[in-house]
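Colleague:
Residue numbers (the working numbering), protein chains in the order written: chain U, 438 to 787; chain A, 18 to 443.
(1) For a cutoff of 9 Å on Cβ pairs, would you count residue 535 of chain U as touching chain A?
(2) Grouping DSSP H, G and I as helix and E and B as strand, with all else coil, what is residue 565 of chain U?
(3) Please name the residue in U/721, U/748, U/631 whose C-alpha comes closest to that of residue 738 of chain U.
(4) Mapping DSSP to helix, strand and coil, what is residue 424 of chain A?
(5) Do you know how far the Cα of residue 288 of chain A is from the Cα of residue 294 of chain A?
(6) On the criterion of 16 or more Cβ atoms from any shown chain inside 10 Å, does residue 70 of chain A qualify as buried, or is it exposed?
(7) For residue 493 of chain U versus residue 695 of chain U, is the C-beta distance shorter than 9 Å?
(8) With a threshold of 6 Å on Cβ separation, who are the neighbours of residue 587 of chain U within its own chain once the five nearest residues in sequence on each side are excluded?
(9) Smallest Cα separation from residue 126 of chain A: which of A/94, A/236, A/348, A/182?
(10) When you compare the CB of residue 786 of chain U with every CB in chain A, is at least one pair closer than 9 Å?
(11) Since residue 760 of chain U and residue 670 of chain U should fall inside the 8 Å C-beta cutoff, what is the C-beta to C-beta distance between them, to a whole number of angstroms?
(12) Give the secondary structure of residue 33 of chain A by DSSP, where H, G and I count as helix, E and B as strand, and everything else as coil.
(13) Quick check on the DSSP output: the beta strand (DSSP E) that includes residue 694 of chain U runs from which residue to which?
(14) By Cβ distance below 7 Å, which residues in the same chain neighbour residue 91 of chain A in space, the five residues on each side in sequence not counted?
(15) So, helix, strand or coil for residue 764 of chain U, using DSSP?
(16) Please name the residue in U/762, U/519, U/484 whose C-alpha comes closest to that of residue 710 of chain U.
(17) Quick one: residues in its chain with C-beta nearer than 8 Å to the C-beta of residue 181 of chain A, no 5 flanking neighbours on either side, listed in chain order?
(18) Any beta-carbon of chain A closer than 9 Å to the one on residue 528 of chain U?
(19) Note the first and the last residue of the continuous beta strand (DSSP E) segment covering residue 260 of chain A.
(20) Please state whether the Cβ-Cβ distance between residue 753 of chain U and residue 693 of chain U is less than 9 Å.
(21) Pick out whichever of A/209, A/243, A/156, A/112 has its Cα sitting closest to the Cα of residue 131 of chain A.
(22) Would residue 629 of chain U and residue 621 of chain U qualify as a contact pair, given that the criterion is a beta-carbon distance under 9 Å?
(23) Quick check on this structure: which residue in A/47, A/149, A/49, A/82 has the alpha carbon closest to the alpha carbon of residue 421 of chain A?
(24) Return the chain-ordered list of same chain residues with a C-beta closer than 7 Å to the C-beta of residue 152 of chain A, the five sequence neighbours on each side being excluded.
(25) In the DSSP assignment, find the unbroken beta strand (DSSP E) run with residue 497 of chain U in it and report its ends.
(26) Is residue 788 of chain U close to chain A? Criterion is C-beta to C-beta, closer than 9 Å.
(27) Just the C-alpha distance for residue 375 of chain A and residue 314 of chain A, rounded to the nearest angstrom, thanks.
(28) Nearest to residue 636 of chain U by CA position, among U/778, U/472, U/613, is which residue?
(29) Alpha carbon to alpha carbon, what distance is there between residue 536 of chain U and residue 562 of chain U?
(30) Mark residue 604 of chain U as exposed unless 16 or more other C-beta atoms lie within 10 angstroms of its C-beta, in which case mark it buried.
(31) Ignore the nearest five residues each way along the sequence and tell me which others in residue 424 of chain A's own chain have a CB closer than 8 Å to its CB.
(32) If you scan the region 617–685 of chain U from start to end, which runs of the beta strand (DSSP E) of 3 or more residues do you find wholly inside it?
(33) Shorter than 9 Å from the beta carbon of residue 544 of chain U to some beta carbon of chain A?
(34) May I ask you to report which of helix, strand or coil DSSP gives residue 370 of chain A?
(35) Can you name the residues that DSSP bridges to residue 212 of chain A?
(36) Does chain A have any CB closer than 9 Å to the CB of residue 773 of chain U?
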């Protein structure tokens with residue numbers, strides 16, 4: 438299970454006795470996003486320009502990434518939000534549980550113009566981010582050349598930080614064990630493949646420091662508690678650009694994922710929500726987010742609109758896709774996620 | 018009230034409303050009985066709104082939620098034709114083609130009703146990997162106009178795989194033991210018997226044991242700290258006792274989250290506790306107190322201390338100091354006097370305090386989430402995860418149910434050993 442989320446939820450349960458504002462009026466769009474630098478970037482790239490263009494007022498809500506709250510809203514028929522940002526796996530869950538509206542792409546944009554896997558039935562992609570490896574060159578004398586160097590404790594001794602979650606770690610374990618990126622999910626769908634991945638993780642288990650929250654990897658690197666860490670590329674780039682840390686990102690064998698946005702069932706203002714989705718899905722608008730946070734566009738035809746200085750930092754910049762990389766398979770995690778999370782927790786506790 | 022004469026029960030009722038005064042004793046006693054019955058009715062009527070509120074807002078929702086653990090009609094509702102077609106299937110090999118045709122019809126209907134996703138999720142909870150197969154088949158059925166549905170379903174290898182049909186057949190019973198068994202790391206095997214799940218998938222028994230272990234450790238720690246403190250408070254002058262009680266209760270008035278967060282500050286690697294230990298020379302290097310079992314027990318002990326201490330204190334206060342003096346004067350040594358005179362009297366308070374703390378500890382959620390590490394998560398954390406993240410409320414209900422049963426069983430054992438009336442709460 439996601440301890441990070443649990444931790445945040447625990448905070449929310451006890452502190453955030455916030456009520457979700459008043460019901461949206463006709464020209465008000467209520468968007469629930471997961472806060473932090475990412476929501477700030479969305480505000481500058483999309484919320485404010487959309488407001489200016491349409492005259493609609495955007496009400497921002499923050500939440501902690503769990504669908505339980507949205508489910509409660511939908512079940513009780515009181516849905517005070519029109520849009521919610523979610524992870525891909527959450528889109529599938531929400532779809533399955535009947536919490537999220539199945540999207541009508543004729544109101545959003547051509548579905549085939551989205552990068553494969555970023556236009557789902559119940560959610561449309563906002564941006565692409567990379568699960569990468571980061572290190573501090575002032576600590577590590579020899580530079581890692583691939584994320585898979587996580588598993589090379591001889592060449593790179595010392596603690597390494599990894600996300601306390603099976604996704605990505607199992608994929609990397611299999612690739613480090615010699616499985617080609619194209620076959621990773623095929624192998625992982627078999628019990629033998631899962632055993633193989635866990636066996637590979639066993640080899641470095643004692644060297645792993647687990648991280649939960651997205652901000653932790655940069656902290657762990659900065660405090661020199663670990664010599665390398667997996668991370669979301671935007672967080673490390675932020676530490677490099679804003680905090681002037683000397684960190685370096687290894688893109689080879691990165692895993693690409695998408696952030697999603699969805700309409701909860703029973704939203705009060707679906708038409709305006711669709712208008713917003715269409716707005717941010719226009720190639721030029723889709724590319725704007727990259728100027729505020731280093732996450733790339735999900736439209737295949739948006740690359741030419743990305744600001745020149747932002748492009749080299751994006752996970753899906755041509756340079757970063759030159760080596761090996763893997764696109765996270767949402768359907769796979771929809772199928773096996775719950776089971777593998779349980780197995781991962783059992784493995785952690787052993 | 019005086020004992021009833023058996024014969025009284027058989028006598029015809031006396032005239033109502035007649036004043037009882039002056040009547041013979043038997044009549045008086047019957048009238049009193051009636052009056053008492055009326056009193057009881059009246060007090061029941063007064064308490065009725067509260068009882069009703071409790072039942073409506075507490076009892077019924079809990080029963081409804083817990084019933085999800087054994088009642089999950091999703092698959093049965095989604096596959097009515099298939100259920101019928103499987104009625105006389107013997108469970109061996111593949112069912113007849115009729116079942117495949119019924120399945121195709123059911124799947125198409127689910128797609129039309131928009132419930133295909135719910136079905137896919139419910140099947141996937143029992144058979145990982147089923148989700149995408151169900152949705153794929155549904156899409157193919159929708160897309161292939163004119164092609165016989167039987168062919169389409171047969172063309173998807175999943176529907177002919179060994180585990181698929183037994184799972185479906187099992188799922189068509191709305192009453193299910195699947196979730197309860199899963200919560201105990203058990204499952205049905207192919208022969209219809211119950212077996213343990215493979216060790217790499219077994220997790221809940223371990224977590225239950227961990228939960229009980231942590232609860233027991235915290236209870237013991239609060240008792241060791243609380244008993245002497247309660248004794249101290251009970252034996253000092255009243256004014257000082259009041260100050261000490263306030264000192265004990267002060268953290269009690271602070272939110273549990275704030276107290277937990279404070280422990281994070283104290284226990285972290287470069288926190289105050291580690292600084293102190295290094296400075297005093299008790300430790301040669303910084304200890305991992307955060308995200309560890311020991312840190313969790315420390316923080317929980319702090320939060321639970323008043324719950325253990327107060328019942329003990331309330332009993333100790335009632336014991337006159339002269340009793341111990343009497344014991345000494347009769348020649349008992351201090352320990353003997355303590356063991357034979359003092360301890361038996363405070364025992365109910367000790368038990369009440371420990372029981373309260375132990376049961377509260379079983380439900381801890383925030384503190385393990387914030388202070389415990391990966392292997393210190395208690396059962397509530399898993400329940401919360403199934404509710405909030407996995408949206409598998411059936412599994413959450415099953416785990417809650419097992420926890421409730423364990424807790425009630427423990428309570429029952431306590432009550433049996435001690436007698437409920439001897440438990441002295443504050």
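Where a beta carbon is used, it is the ideal one built from N, C-alpha and C, also for glycine. Quick caveat: nothing in here was measured; it's all calculated off a predicted structure.
Modeller: Quick answer:
(1) So yes, residue 535 of chain U belongs to the interface.
(2) Under the three-state reduction of DSSP, residue 565 of chain U is assigned to strand.
(3) Ranking U/721, U/748, U/631 by Cα distance to residue 738 of chain U puts U/721 first.
(4) Collapsing the DSSP output to three states places residue 424 of chain A in a helix.
(5) Taking C-alpha positions only, residue 294 of chain A is separated from residue 288 of chain A by approximately 10 Å.
(6) Under this definition residue 70 of chain A is an exposed residue.
(7) Residue 493 of chain U is not a Cβ neighbour of residue 695 of chain U, given a cutoff of 9 Å.
(8) Here the set comprises 597.
(9) Among A/94, A/236, A/348, A/182, the Cα nearest to that of residue 126 of chain A is on A/94.
(10) With respect to chain A, the C-beta atom of residue 786 of chain U has a partner C-beta closer than 9 Å.
(11) In this structure residue 760 of chain U is not in contact with residue 670 of chain U, their Cβ atoms being roughly 14 Å apart against a cut-off of 8 Å.
(12) The predicted model places residue 33 of chain A with a pLDDT of 46, which falls under 50 and marks its position as unreliable, so this point remains unresolved.
(13) Per DSSP, residue 694 of chain U belongs to the beta strand (DSSP E) from 685–699.
(14) Here residue 91 of chain A has 135, 136, 139 as same chain residues with Cβ atoms under 7 Å from its own Cβ, once five neighbours each way along the sequence are excluded.
(15) Residue 764 of chain U: strand per DSSP, three-state reduction.
(16) Residue 710 of chain U has its Cα closest to that of U/519, out of U/762, U/519, U/484.
(17) Closer than 8 Å at Cβ, skipping near neighbours: 144, 147, 175.
(18) Chain A, which has no Cβ nearer than 9 Å to the Cβ of residue 528 of chain U, makes this no.
(19) Per DSSP, residue 260 of chain A lies in no beta strand (DSSP E) segment; the continuous alpha helix (DSSP H) that holds it begins and ends at 255–266.
(20) With respect to the 9 Å criterion, residue 753 of chain U and residue 693 of chain U are classified as neighbours on the basis of their beta carbons.
(21) Ranked by Cα distance from residue 131 of chain A, the options A/209, A/243, A/156, A/112 are led by A/156.
(22) Not in contact: residue 629 of chain U and residue 621 of chain U (Cβ atoms no closer than 9 Å).
(23) When only C-alpha atoms are compared, the closest one is A/82.
(24) So the list reads 133, 137, once near-sequence residues are dropped.
(25) DSSP places residue 497 of chain U in the uninterrupted beta strand (DSSP E) bounded by 494–499.
(26) The structure shown has nothing for residue 788 of chain U, since chain U only spans 438 to 787.
(27) Pairing residue 375 of chain A with residue 314 of chain A, the inter-Cα distance amounts to about 12 Å.
(28) Of the candidates U/778, U/472, U/613, the one whose C-alpha sits nearest the C-alpha of residue 636 of chain U is U/613.
(29) In a straight line, the C-alpha of residue 562 of chain U is about 18 Å away from that of residue 536 of chain U.
(30) Around the CB of residue 604 of chain U, 16 or more other CB atoms lie within 10 Å, so the residue is classed as buried.
(31) Closer than 8 Å at the Cβ level, and outside the excluded window around residue 424 of chain A, lie 376, 379.
(32) Whole beta strand (DSSP E) segments, 3+ residues: 645–648, 665–669.
(33) Contact with chain A is absent for residue 544 of chain U, since none of that chain's Cβ atoms lies less than 9 Å from the residue's Cβ.
(34) The answer is helix: DSSP assigns residue 370 of chain A an H, G or I state.
(35) Paired residue(s): A/204.
(36) Chain A contact via Cβ: present.
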